[in-house]
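Per this note's numbering, the sequence shown runs over residues 352 to 547.
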Amino acid sequence: MTAQAGRVLIERGRIADRVRELGAKLTNDLRIDAAPHDTPGGPLGDAAYSEDEVVLIPVMLGAIVFAADLIRAMPLRMSIKPLVASSYAGATTRSSGMVHTGDIPEGLEGRHVVIVDDILDTGRTLAVIRDRVLEQNPASLRICVLLRKLKPRDAEVEAHYAGFDIPDEFVVGYGLDYDGLMRNLPDIVVLDGAGE
Ligand code: IMP
Ligand code: MG
């Protein structure tokens with residue numbers, strides 16, 4: 352049986368609502384962090400925030416759709432420095448192959464960094480990326496994922512922000528792929544018949 356999109360796990364309207372919530376929460380937290388602390392009125396006063404210190408790192412390609420929506424729910428100054436990473440050899444293979452992270456963006460020292468990924472699965476990819484970002488001494492580091500699989504992780508890594516906790520099933524859509532395909536499905540659906 353060929354792999355195909357199965358039942359809808361999270362419908363597009365729910366995704367949109369949740370992404371707006373995540374954007375609002377991140378924006379609020381980043382404003383508190385990035386605000387100069389020596390300004391009258393405190394971090395939430397009228398002072399100009401150092402929002403240009405915020406750097407978002409979407410982990411491509413999986414985070415492409417999520418990041419596109421999330422950044423439009425974050426009304427603050429930020430730069431976006433994508434990173435290309437992959438941990439799957441292909442299809443839904445779970446044999447723990449190597450984690451390939453492309454070049455880690457530079458110039459992160461002293462910046463408020465947010466790593467944005469589609470899904471926290473084994474945690475191997477995000478653990479490697481997190482450690483390599485931390486080598487640059489950012490002022491703060493947050494990890495935001497749309498999905499978090501409920502399962503034990505191979506690598507110790509926590510997401511500070513997670514859109515939805517989901518069962519340990521292979522899902523596609525809203526940026527998540529099966530062998531490079533189905534990223535453009537608007538809903539998050541369970542993959543049927545992958546045969547692996
Ligand atoms: P991890 O290193 O095992 O946490 O896997 C990270 C990457 O594997 C994610 O960013 C996804 O690209 C991919 N991945 C993990 N689970 C799924 C899934 O259910 N569907 C599609 N891609 C997945
Ligand atoms: Mg990915």
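Backbone N, C-alpha and C define an ideal beta-carbon position, used for all residues, glycine too. As the structure is a prediction and not an experimental result, all values here were calculated from the model.
- The closest CA to that of residue 517, considering only 507, 503, 530 and 529, is found on 503.
- Excluding five sequence positions before and after residue 370, the CB atoms of its chain that fall closer than 8 Å to its own CB belong to 417, 420, 421, 424, 497 and 514, given in chain order.
- For residue 517, the beta-bridge partners assigned by DSSP are 500.
- Inside the region 352–388, DSSP marks whole beta strand (DSSP E) runs of 3 or more residues at positions 355–361, from first to last along the chain.
- Following the DSSP letters along the chain, one finds residue 407 inside the beta strand (DSSP E) bounded by residues 405–411.
- The C-alpha of residue 468 is placed about 14 Å away from the C-alpha of residue 453.
- Its chain contains 356, 357, 358, 359, 360, 522, 523 and 524 as the residues whose beta carbon lies nearer than 7 Å to that of residue 540, once the 5 sequence neighbours on both sides are disregarded; these appear in chain order.
- Within the model, the alpha-carbon separation for residue 377 versus residue 507 is close to 22 Å.
- The alpha-carbon of residue 534 is positioned some 20 Å away from that of residue 473.
- Only exposed fits residue 451, as fewer than 16 other CB atoms lie within 10 angstroms of its CB.
- If you ignore the 5 residues before and after residue 543, its C-beta comes within less than 6 Å of the C-beta of 355 and 357, all in its own chain and listed in chain order.
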